[in-house]
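Notes follow the structure.
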Amino acid sequence: MADCLLDERDATRVGLRWAENFRALAEDLAIIQGWFALVRNIIAKYGILDCDIYNFDETGFLMGMLLHAKVVTTSDRRGRPRTKQPGNCEWVSVIQGVCADGWALPPYIIVKGKYHLLSWYTNGQFPHDWRVHPSENGWTTNEIGLDWLKHFNKCTKSCTKGAFWLLILDGHNSHKSTNFDDYCKKQNIIALCMPPHSSHELQPLDVGCFSLLKASYGKEIEKMMRMQITHITKDDFFPVFNIAFFTSIGKKNVRASFQQAGLVPFNPEVVISHLDFKLKTPTPSNSRLSSQSSWDPKTLITAREAVRSSTLLKKRIYQHQGSSPTPLYKVVNLQAKGISKLAHRLALLEAENRGLRTANEVLSKRRRAKKNQLRLGGSLNAAEAEAIRVEKGIVDAE
1 MADCLLDERD
11 ATRVGLRWAE
21 NFRALAEDLA
31 IIQGWFALVR
41 NIIAKYGILD
51 CDIYNFDETG
61 FLMGMLLHAK
71 VVTTSDRRGR
81 PRTKQPGNCE
91 WVSVIQGVCA
101 DGWALPPYII
111 VKGKYHLLSW
121 YTNGQFPHDW
131 RVHPSENGWT
141 TNEIGLDWLK
151 HFNKCTKSCT
161 KGAFWLLILD
171 GHNSHKSTNF
181 DDYCKKQNII
191 ALCMPPHSSH
201 ELQPLDVGCF
211 SLLKASYGKE
221 IEKMMRMQIT
231 HITKDDFFPV
241 FNIAFFTSIG
251 KKNVRASFQQ
261 AGLVPFNPEV
271 VISHLDFKLK
281 TPTPSNSRLS
291 SQSSWDPKTL
301 ITAREAVRSS
311 TLLKKRIYQH
321 QGSSPTPLYK
331 VVNLQAKGIS
341 KLAHRLALLE
351 AENRGLRTAN
361 EVLSKRRRAK
371 KNQLRLGGSL
381 NAAEAEAIRV
391 EKGIVDAE
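Letter by letter, the sequence shown follows residues 1 to 398 in the UniProt record's numbering.
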């Protein structure tokens, strides 16, 4: 598209890295310093406390998409092993807000569809304060952006300490609508938009939280794939996302994200120091420096314990004076190799057995589930969904 527009003007076409250059421009020192000066002035002008500073953004998930994962294969395999991806690549958007104090707002989940289904809310793993909003394509709109802002106001109103609170956001169209801006002014919400193409440096959610969330979600989907569940439905997505969310979006991670973005505590140098990249020699890890000679004799449970036991035995044999220990070495090596194979095989069989049992429960529940429609459009939480179920007299057959 860019080349077509330039051709009409008889101008030179864009280069291969023209898109990346926008991000590089956003890392200009003057732009970054201007952003932190604006934040400092807004905080001083409105007397905003650290505990009243929030960040929100939208991120997306392909319901059945895996990240890179480790795969157990035979030692003689050539090339990189591959696993199959689950079949469903339907898009789900999540609008997430976090507070500099360390707590995360209940997620606002946007799924592709028209109707709310009862099964989303009754699987026993849907928190009561999470909200779901069906949309035509699983993406946000101006209407959904405003509805999320009302959700934000409801969740934060009672815990706000000062007269104003700061909401840091990016330049998405749904965050700049007239209705969104008017609602912020009425509720004393100071909405502050970051410079374009700078969220990877300045936005707490992008700096720390979202990457952890997506990695955790990918691991949960991988578990389902290994259980031969090859199609991820919305009924599967909600409990999986629930696990991923509470695993990754914790108080410690949220606070660290605000700190890495230079916001709380206010320290622009945290970000500015990253703009001039310097090569650093990585510090050697001490995690593997533990001695293998300190093995306590006990029943061998894992392959690693078998190897450690054989190592200790060989050291003791070596210290023995007299006949050659070579035959004993061979016996010990064969013992360790055999035990290691058995331990690995047992671990794989136990994991496969657990996975098959879980898969059977998931698929049985999926077959029994009914597609009870609650309402067309709008957003609901679990309590509102239950009220509609009671009003309509729907019996949830679980």
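Note that beta-carbon positions come from the ideal geometry of N, C-alpha and C, so glycine has one too.
Item, Value
"Residue(s) in a DSSP beta bridge with ALA387", "Bridge partners of ALA387: none, in fact."
"Residues bridged to GLY191 [DSSP beta-bridge criterion]", "Contrary to the premise, residue 191 reads as Ala rather than Gly in this sequence. Beta-bridge pairing links ALA191 to LEU167."
"Neighbourhood of HIS133 by C-beta, 6 Å cutoff - its chain only, sequence neighbours within 5 removed", "ILE110, ILE144 and SER379"
"Of the residues LEU342, ALA347, GLY47 and VAL307, the one placed nearest ASN333, counting alpha carbons only", "VAL307"
"Own chain residues within Cβ distance below 7 Å of LEU313, not counting five before or after", "VAL332"
"Chain-order list of residues whose beta-carbon lies under 6 Å from that of ASP147 (same chain, five-residue window excluded)", "SER379"
"Cβ separation of ASP206 and HIS197, assumed to be a contact under 8 Å, to the nearest whole Å", "Wrong, their Cβ atoms sit about 11 Å apart, outside the cutoff."
"Which listed residue (THR233, GLY113 and VAL270) has its alpha carbon closest to that of LEU202", "VAL270"
"Residue environment, GLN33, which counts as buried when at least 16 other CB atoms sit within 10 Å", "exposed"
"Buried versus exposed call for ASP236 [16 or more other C-beta atoms within 10 Å across all chains shown]", "buried"
"Where the alpha helix (DSSP H) containing PRO239 begins and where it ends", "234-248"
"For TRP91, the first and last residue of its enclosing beta strand (DSSP E)", "91-99"
"Assigned secondary structure, residue 415 (DSSP; H/G/I helix, E/B strand, else coil)", "This structure cannot settle anything about residue 415, because the visible part of the chain is limited to 1 through 398."
"Beta-bridge pairing of GLY338 - partner residues as DSSP gives them", "In DSSP, GLY338 forms no bridge with anything."
"HIS197, DSSP secondary structure in three states", "coil"
"Inter-stretch contact at 8 Å, needing at least 3 Cβ pairs: the region 214-225 / the region 177-195", "no"
"Counterpart residues of ILE53 in DSSP-defined beta bridges", "LEU166"
"Run of the beta strand (DSSP E) containing THR111, from where it starts to where it stops", "Note on identity: in this sequence residue 111 is Val, with Thr being the wrong assignment. 108-112 is the extent of the beta strand (DSSP E) around VAL111."
"Distance between beta carbons of LEU275 and LEU29, contact taken as under 8 Å", "6 Å"
"Start-to-end residues for the alpha helix (DSSP H) that takes in residue 432", "What is shown of the chain runs 1 to 398, which leaves residue 432 out entirely."
"CA nearest to the CA of THR233, picked from LEU6, PHE36, LEU62 and LYS45", "LEU62"
"For TYR54 and CYS99, believed in contact at Cβ under 8 Å, the rounded distance", "5 Å"
"Cβ neighbour criterion (16 or more within 10 Å) applied to ASP182", "exposed"
"Per DSSP, the bridge partner or partners of ARG375", "HIS116"
"THR140 beta carbon less than 8 Å from that of SER93", "yes"
"Host alpha helix (DSSP H) of ASP206 (start-end)", "No alpha helix (DSSP H) contains ASP206, which DSSP labels as neither H nor E."
"For GLY34, the residue or residues it bridges with in DSSP", "Its beta-bridge partners do not exist; DSSP assigns none."
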